[in-house]
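A short worksheet on the structure shown next.
Protein chains: 2
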Amino acid sequence: MHLNAFLMGVGHHEAAWRHPSTDERRILDVRHYQELAQIAERGRLDSIFFADNVAVGPRVKRNVTAVFEPVTLLSAIAVATEHIGLIATASTSYNEPFNLAREFASLDHLSRGRAGWNIVTSGTEDEARNFGHETIPEHARRYERAQEFLDVVTALWDSWDDDAVVLDPGAGVFADPTRVRAIDHVGERFRVRGPLNTPRGPQGRPLLVQAGSSEAGKDFAARHAEAIFTAQRSLADGQDFYSDLRERVRASGRAEGDVAILPGVVPYLASTEAEAVALEREFTDLISPDYALGQLSRMLGMDLSGQELDAPLPPLPEEAAIEGAKSRFTLVKRLAETERLTVRELIGRLGGGRGHRSFAGTPEQLADDLELWFTHGAADGFNIMPPHLPGGLQIFVDEVVPLLQRRGLFRTEYGAETLRGHYGLPPVHNTRAGSLSTAR
Amino acid sequence: MHLNAFLMGVGHHEAAWRHPSTDERRILDVRHYQELAQIAERGRLDSIFFADNVAVGPRVKRNVTAVFEPVTLLSAIAVATEHIGLIATASTSYNEPFNLAREFASLDHLSRGRAGWNIVTSGTEDEARNFGHETIPEHARRYERAQEFLDVVTALWDSWDDDAVVLDPGAGVFADPTRVRAIDHVGERFRVRGPLNTPRGPQGRPLLVQAGSSEAGKDFAARHAEAIFTAQRSLADGQDFYSDLRERVRASGRAEGDVAILPGVVPYLASTEAEAVALEREFTDLISPDYALGQLSRMLGMDLSGQELDAPLPPLPEEAAIEGAKSRFTLVKRLAETERLTVRELIGRLGGGRGHRSFAGTPEQLADDLELWFTHGAADGFNIMPPHLPGGLQIFVDEVVPLLQRRGLFRTEYGAETLRGHYGLPPVHNTRAGSLSTAR
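Those protein sequence lines, which keep their order, are chains A and B.
Going by the numbering used here, the first residue of the first sequence is number 1, and it counts up by one from there.
Going by the numbering used here, the first residue of the second sequence is number 441, and it counts up by one from there.
The following block contains the structure:
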């Protein structure tokens with residue numbers, strides 16, 4: 001079983017910073033994030049992960065989410081940890097591939113092989129408007145750009161062979177120029193000559209992660225992702241997604257084991273189920289309806305300000321009409337419609353994990369639940385989203401991980417040195433000496 | 441007097457990695473860079489600085505220079521230091537202003553107010569070709585873009601007021617929405633709505649640094665820079681540059697004290713002058729002519745491969761015809777022509793600092809020299825470029841800094857908490873509550 005700790009401020013619940021269990025001032029304190037990573041490492045987790053978007057969220061009055069640029073933050077965490085993988089979100093829509101390839105190659109070196117890239121296409125209008133667009137680029141165009149972007153980035157990582165750095169002071173050979181190559185990419189959107197100016201990192205390529213669950217997103221993930229984060233609210237949904245994704249992986253010519261599928265879970269844990277339910281209730285009661293409406297507006301791509309809270313949502317369009325995050329739209333729409341929720345009820349359900357599944361119970365119950373999903377074809381592991389931090393991560397590491405270890409489901413020591421190794425993947429070697437054109 | 445340590449691999453001399461005083465394997469080791477920063481901090485230096493370019497250098501066989509992306513690297517150094525300023529180079533030609541503003545705001549938070557940005561426009565063809573261009577964008581166009589880029593970046597930093605983050609859990613107010621504003625920038629090259637999604641950093645704005653010495657570069661520096669790195673090979677040249685720059689600062693309506701002018705110096709230090717000269721000679725003898733020709737080609741913007749080493753340079757055009765780094769071109773041209781150097785001699789002179797001044801002597805002699813420049817209107821401090829690392833920085837910190845301190849020229853303890861403070865500048869406050877449009 002693979003476990004990723006999805007970290008966000010002082011917790012995933014939108015009101016975490018208002019709960020007495022957290023210290024809201026730590027949101028801007030790098031030591032907080034270093035300590036979270038150290039707790040996760042103590043639990044032998046595969047990785048930590050920071051989401052990102054490139055716009056201030058709606059309702060800045062009530063909360064902000066991703067305050068620091070994730071690669072910059074993970075670099076500060078890399079040097080305070082030894083083993084745990086470090087996954088940063090970065091956008092293919094609003095970066096230059098050369099810069100992104102270099103940042104992740106740098107992080108891979110600085111962390112000695114622990115860098116991972118969560119590939120996103122950035123589906124909100126607020127983000128588009130920070131980068132010269134009037135509105136969100138079309139969903140299909142974003143994925144086309146993502147494909148070419150990824151082609152360029154991987155070619156840049158591969159522009160240095162494994163053994164290109166010779167470092168022979170006597171002969172004065174720093175690198176073997178036949179093992180460092182221009183890539184001469186000429187595509188519809190990018191023209192990039194290369195090579196990269198950072199030598200190949202310890203992993204060859206950072207781990208590729210994806211969380212898109214639209215049709216285009218699932219196909220992209222099936223072709224490229226090595227770990228997949230997904231929001232699945234029931235075992236049956238999880239099983240459907242898992243088998244669908246596995247089938248797409250096979251269809252794209254890859255081995256099933258090359259991909260780890262990690263549904264998210266927001267765990268409210270206490271020593272009795274009643275206490276855990278009460279804890280979740282405490283968080284729900286702290287929700288600011290106006291902030292939650294802003295988050296919901298963002299997820300649905302429509303402005304809900306002024307919406308009556310005790311009425312159902314207005315009628316929603318079909319997914320095909322959505323240019324933003326299609327699958328999150330559909331998840332919310334299904335939840336609202338099938339359970340006939342009022343907006344207030346919907347907000348309560350979404351408060352903890354923006355659509356991800358919540359779980360309230362004892363550590364034993366959560367271990368049972370994770371084992372069930374893991375052994376019933378719904379998950380290769382889990383994306384753990386503590387509602388409050390550091391407490392919610394501490395209790396998971398101290399009380400759930402040991403149960404999983406005792407059941408033989410989870411590692412008791414790190415068996416590998418790199419993030420790819422934690423996920424059971426080999427490094428990506430590159431020894432195509434002399435192919436393509438050589439650097440001068 | 442202000443002192444910046446300009447760090448590069450295992451030394452500024454192009455053959456530093458071949459010299460027995462260095463361990464070339466440390467070029468890819470983050471702990472090496474952390475230790476260099478700690479040495480500089482032990483000497484109470486104002487700052488450390490990493491240059492950058494966004495292409496592999498010519499002659500990758502012989503050396504590479506900037507291997508890691510500087511912000512990523514400085515973030516790992518920030519958490520291993522307490523006081524010293526952290527200056528990263530980043531390009532206005534090949535980044536998006538929103539991303540750059542966010543990275544530097546993040547670094548400013550992670551370092552508790554120690555971030556600085558060395559603004560470059562990227563003047564080589566190799567770089568242009570990694571970002572969709574066939575050749576270097578015209579010099580004047582690069583500076584026009586730099587101006588608009590900086591306007592956007594500073595507006596984004598200013599999109600949060602000092603006191604915008606309220607963090608009142610009881611009232612549920614994270615930030616005051618009247619103190620977080622869209623910037624609604626619409627210019628010739630950029631359309632950026634804002635606000636930034638990172639709150640205002642401890643310095644308000646990171647320190648702005650510039651090293652352009654062309655006419656356009658000097659005007660840009662005079663309008664915006666708070667520290668200026670420059671290559672000046674003689675006291676007279678240094679005095680001319682210093683008074684010219686100061687005059688431009690006055691003409692642009694700023695106070696002279698708002699800018700620190702820091703000429704570079706590459707110090708070869710030993711307990712006798714003869715030993716120091718011999719040390720410099722050891723480095724010169726290790727130069728690979730083909731690497732040095734590549735560096736020279738890059739500085740002059742012309743291909744010199746196949747050039748006869750014991751002949752003078754071919755005739756060079758006037759600076760006006762150069763679209764790359766104009767002032768570095770002129771510096772090299774003047775050096776070659778006025779001293780009638782052969783290419784081999786020119787390469788030897790440039791080997792240590794790519795045009796910056798070398799100094800070989802005792803610590804006492806260097807302290808005298810720095811004092812002379814400092815007290816004779818040529819410098820507010822110095823950009824120290826150790827030819828070999830860590831040794832060249834260690835001897836500067838342990839043997840030159842104490843002399844400067846004893847003469848009352850340099851601080852004995854840090855008197856400020858931020859990089860701006862080290863350079864005698866106040867934080868940039870922003871309290872224009874309610875101006876512009878407010879964030880939702």
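Cβ coordinates follow ideal geometry from the N, Cα and C atoms, glycine included.
Treat the numbers as computed from the prediction; the structure is a model and nothing was measured.
For A:Gln458, the three-state DSSP class (helix, strand or coil): Since the displayed chain A opens at 1 and closes at 440, residue 458 of chain A lies outside it and no answer follows.
Residue burial classification, B:Glu778 (beta-carbon count within 10 angstroms, cutoff 16): Within the second sequence, numbered from 1, the residue matching residue 778 of chain B stands at position 338. Reading the sequence as shown, one finds Thr at residue 778 of chain B and not Glu. Under this definition B:Thr778 is an exposed residue.
In chain B, what lies closer than 8 Å to A:Thr198 by C-beta? Along the first sequence, one-based indexing puts residue 198 of chain A at 198. Going along chain B in sequence order, the residues near A:Thr198 (Cβ under 8 Å) are Val507, Phe508, Glu509.
What in chain A is Cβ-close to B:His549, meaning under 7 Å? Sequence index remark: in the second sequence, residue 549 of chain B carries index 109 (1-based). Chain A residues near B:His549: Leu28, Phe68.
Kindly identify the DSSP beta-bridge partner or partners of A:His2. For the purposes of this step, residue 2 of chain A is taken as the residue at position 2 of the first sequence. A:His2 pairs with A:Gly381.
Run of the beta strand (DSSP E) containing B:Ser531, from where it starts to where it stops: Here the question's residue 531 of chain B lines up with position 91 in the second sequence. 525–531 is the span of the beta strand (DSSP E), which, as asked, contains B:Ser531.
Minimum Cβ-Cβ distance from B:Phe571 to chain A less than 8 Å: Mapped onto the second sequence, residue 571 of chain B falls at position 131. Answer yes: the Cβ-Cβ gap between B:Phe571 and chain A drops below 8 Å somewhere.
Kindly list, in the order they appear in chain A, the residues whose Cβ is closer than 7 Å to that of B:Leu607. As a first step, residue 607 of chain B is located in the second sequence; it is residue number 167 there, counting from the start. Result: Glu24, Arg25.
Closer than 7 Å at the beta carbon, the chain D residues around A:Gly172: Here the protein chains are A and B, and chain D is not one of them.
B:Ala879 (DSSP reduced to helix, strand or coil): What you label residue 879 of chain B is simply residue 439 of the second sequence in a count that begins at 1. Residue placement at B:Ala879 is flagged as unreliable, the pLDDT there being 40, under the threshold of 50; the coordinate-derived value follows with that caveat. Reduced to three states, the DSSP call for B:Ala879 is coil.
Should A:Tyr94 be flagged as near chain B, meaning a C-beta pair shorter than 8 Å? As a first step, residue 94 of chain A is located in the first sequence; it is residue number 94 there, counting from the start. Yes, A:Tyr94 lies at the interface with chain B (some Cβ there is under 8 Å from its Cβ).
Residues within the stretch 178–211 of chain A neighbouring chain B, beta-carbon criterion of under 8 Å: Val180, Phe190, Arg191, Val192, Arg193, Gly194, Pro195, Leu196, Asn197, Thr198, Pro199
Among A:Val64, A:Arg59, A:Asp46, A:Pro58, nearest to A:Leu86 - alpha-carbon criterion: Taking the first residue of the first sequence as position 1, residue 86 of chain A is located at position 86. Of the listed residues, the one whose Cα sits closest to A:Leu86 is A:Asp46.
When DSSP labels each residue in this structure, what does B:Ala491 get in the three-state scheme? Translated into positions along the second sequence, residue 491 of chain B becomes position 51. B:Ala491: coil per DSSP, three-state reduction.
Mind pulling the alpha helix (DSSP H) runs of 4 or more residues that sit fully within the stretch 551–613 of chain B? 565–568, 579–597
With 8 Å as the threshold, decide whether the Cβ of B:Asn539 is near any Cβ in chain A. Position 99 of the second sequence, counted from the start, is the residue given in the question as residue 539 of chain B. By this cut-off, B:Asn539 is an interface position.
Integer Cβ distance of A:His376 from A:Gly264, believed to fall under 8 Å: Working through the first sequence from its first residue, we reach residue 376 of chain A at position 376. Working through the first sequence from its first residue, we reach residue 264 of chain A at position 264. Actually they do not touch by this definition, with Cβ atoms about 17 Å apart.
Taking beta-carbon pairs under 7 Å, can you tell me which members of the stretch 742–760 of chain B lie near chain A? none
Hey, does A:Arg354 have any beta-carbon neighbour from chain B nearer than 8 Å? Here the question's residue 354 of chain A lines up with position 354 in the first sequence. Taking Cβ atoms only, chain B never reaches closer than 8 Å to A:Arg354, which makes this a no.
What number of angstroms, rounded off, separates the C-alpha of A:Ile48 from the C-alpha of A:Leu7? Taking the first sequence and counting its residues from 1, one reaches residue 48 of chain A at position 48. Taking the first sequence and counting its residues from 1, one reaches residue 7 of chain A at position 7. Near 7 Å, if we compare the C-alpha coordinates of A:Leu7 and A:Ile48.
Evaluate B:Pro460 with the Cβ neighbour count: other Cβ atoms within 10 Å of its Cβ, from every protein chain shown; 16 or more gives buried, anything less gives exposed. On the second sequence, position 20 is the one that residue 460 of chain B refers to. Flag for B:Pro460 reads exposed.
Are the stretch 504–511 of chain B and the stretch 527–538 of chain B touching by the rule of at least three beta carbon pairs closer than 8 Å? yes
Do B:Gly697 and B:Thr564 count as a contact pair if the criterion is CB distance below 8 Å? In the second sequence, counting from the first residue as 1, residue 564 of chain B sits at position 124. In the second sequence, counting from the first residue as 1, residue 697 of chain B sits at position 257. Their beta carbons are not under 8 Å apart, which means B:Thr564 does not touch B:Gly697 by this criterion.
Interface partners of A:Val54 on chain B, CB under 8 Å: Counting from 1 along the first sequence, the entry for residue 54 of chain A is found at position 54. The answer, in chain order, is Phe538, Asn539, Arg542, Asn637.
Rounded to whole angstroms, what is the Cα-Cα separation between A:Ala80 and A:Gln394? Counting from one through the first sequence, the residue named residue 80 of chain A turns up at place 80. Counting from one through the first sequence, the residue named residue 394 of chain A turns up at place 394. So the two alpha carbons sit approximately 18 Å from each other.
Min CB distance A:Leu73 to chain B below 8 Å: Looking up residue 73 of chain A in the first sequence gives position 73. So yes, A:Leu73 belongs to the interface.
Buried/exposed call for B:Ser381, threshold 16 Cβ in 10 Å: Absent from the model: residue 381 of chain B. The displayed extent of chain B is 441 to 880, so no value can be given.
Measure the beta-carbon distance from A:Phe98 to A:Leu74 and round it to whole angstroms, keeping in mind my assumption that it falls under 8 Å. Mapped onto the first sequence, residue 98 of chain A falls at position 98. Mapped onto the first sequence, residue 74 of chain A falls at position 74. So it is not a contact: roughly 20 Å between Cβ atoms.
Give the single residue among B:Gly553, B:Val470, B:Gln478 whose Cα lies nearest to the Cα of B:Glu857. Counting from 1 along the second sequence, the entry for residue 857 of chain B is found at position 417. Considering only alpha carbons, the answer is B:Gly553.
Given a threshold of 16 other Cβ atoms within 10 Å of its Cβ, counted over all protein chains shown, does B:Glu454 qualify as buried or as exposed? Counting from 1 along the second sequence, the entry for residue 454 of chain B is found at position 14. Flag for B:Glu454 reads buried.
Please report the distance separating the alpha-carbon of B:Asn823 from that of B:Gly652. In the second sequence, residue 823 of chain B corresponds to position 383, counting from 1. In the second sequence, residue 652 of chain B corresponds to position 212, counting from 1. Whole-angstrom Cα-Cα distance: 14 Å.
Within 10 angstroms of its Cβ, does B:Gly882 collect 16 or more other Cβ (buried), or is it exposed? Past the edges of chain B, shown from 441 to 880, lies residue 882 of chain B, and the structure says nothing about it.
At what residues does the beta strand (DSSP E) containing A:Pro195 begin and finish? Here residue 195 of chain A refers to the residue found at position 195 when the first sequence is read from its first residue. Unbroken run through A:Pro195: none, as it is neither H nor E.
What span of residues does the alpha helix (DSSP H) with B:Ile479 cover, start to end? Here the question's residue 479 of chain B lines up with position 39 in the second sequence. First-last of the alpha helix (DSSP H) with B:Ile479: 470–482.
Answer yes or no: do B:Gly861 and B:Met441 have a C-beta to C-beta separation smaller than 8 Å? Here the question's residue 861 of chain B lines up with position 421 in the second sequence. Here the question's residue 441 of chain B lines up with position 1 in the second sequence. No. Outside cutoff.
Give me the chain A residues within the contact set of B:Ser546, using Cβ-Cβ distance strictly less than 7 Å, ordered along the chain. The residue you call residue 546 of chain B lines up with position 106 of the second sequence. Simply Phe68, Glu69, Thr72, Leu73.
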